[in-house]
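Shown next, in structure tokens, is the structure this report addresses.
Pasting the structure below:
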């Protein structure tokens, strides 16, 4: 299958909006994390993303830590409010396992933040920007990759919202869930093409 190397904002805006299907589970207590731990540990492939409170001071490194960590598989997207529950051993186990594949966009930055925040050396990450480049895609921001590979449009309007709010809005929850889910779906589509 051949993909467009790039896509314009006008072309993206004409595409149908991506709709998250499946469950979205917000994990904001250790009790909830323990309740979902079996599925987390038994899964081998995850769409991955993180959200951090934005820093609007130009030229200064963001002083805020990761507030939300997202993992998505074929059926469920989990949103972990790590600024509330911490980087639990279950999450560390997933992030440290090389055989558990975590797929994201521009994961280098996420990995650097995980090193800083959780004091771990994450393994098993695949960067979609590198993977899509193998298919000739040069516009490799997440919004563009979703449009080119999945033929859908996603919104990035919640990207700069405050992820440390006491309660996340429905829009924040959906935005975060979609970001991880599309990473999973893009990877699976590329894998299917590779195998056919």
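Residue numbers (the working numbering): 71 to 266. Just so you know, even glycine gets a beta-carbon here, dropped at the ideal spot from N, CA and C. Treat the numbers as computed from the prediction; the structure is a model and nothing was measured.
In its own chain, which residues sit with a C-beta less than 6 Å from the C-beta of residue i, not counting the 5 before and 5 after it?
i, result
"residue 235", "none"
"residue 94", "147, 247"
"residue 87", "223"
"residue 177", "195, 197"
"residue 150", "97, 139"
"residue 252", "216"
"residue 183", "136"
"residue 225", "none"
"residue 205", "73"
"residue 145", "92"
"residue 257", "173"
My guess is that residue i and residue j are in contact by the Cβ rule of under 8 Å, so how many angstroms apart are they, rounded?
i, j, result
"residue 172", "residue 116", "5 Å"
"residue 49", "residue 203", "In this structure the chain extends from 71 to 266, so residue 49 is not present and cannot be described."
"residue 187", "residue 136", "5 Å"
"residue 160", "residue 111", "7 Å"
"residue 175", "residue 212", "4 Å"
"residue 249", "residue 98", "Their Cβ separation, rounded to whole angstroms, is 18 Å, which puts residue 249 and residue 98 out of contact at 8 Å."
"residue 75", "residue 207", "6 Å"
Please work out which residues of its chain come closer than 7 Å, Cβ to Cβ, to residue i, disregarding the five sequence neighbours upstream and downstream, and give them in chain order.
i, result
"residue 270", "Since the first residue of the chain shown is 71 and the last is 266, residue 270 is not available in this structure."
"residue 101", "none"
"residue 143", "113, 115, 116, 254"
"residue 153", "135, 137, 234"
"residue 162", "188, 190"
"residue 123", "134, 137, 232, 233, 234"
"residue 244", "90"
"residue 158", "100, 103"
"residue 181", "192, 195"
For residue i, list the residues DSSP reports as bridge partners.
i, result
"residue 117", "142, 173"
"residue 80", "For residue 80, which the question treats as bridged, DSSP gives no partner whatsoever."
"residue 88", "According to DSSP, residue 88 bridges with nothing at all."
"residue 97", "150"
"residue 122", "136"
With a CB to CB cut of under 8 Å and the five nearest residues on each side skipped, what residues in its chain are close to residue i?
i, result
"residue 81", "217"
"residue 107", "160"
"residue 185", "191, 192"
**OP:** Enumerate, from N- to C-terminal direction, the unbroken beta strand (DSSP E) stretches of 3 or more residues contained entirely within the region 177 to 226.
**Re:** Segments of the beta strand (DSSP E) lying fully in the region 177 to 226: 195 to 197.
**OP:** Decide yes or no for the touch test of the region 189 to 209 against the region 160 to 177: beta carbon pairs closer than 8 Å, at least 3 of them.
**Re:** Touching, yes, given that three or more Cβ pairs across the two stretches are closer than 8 Å.
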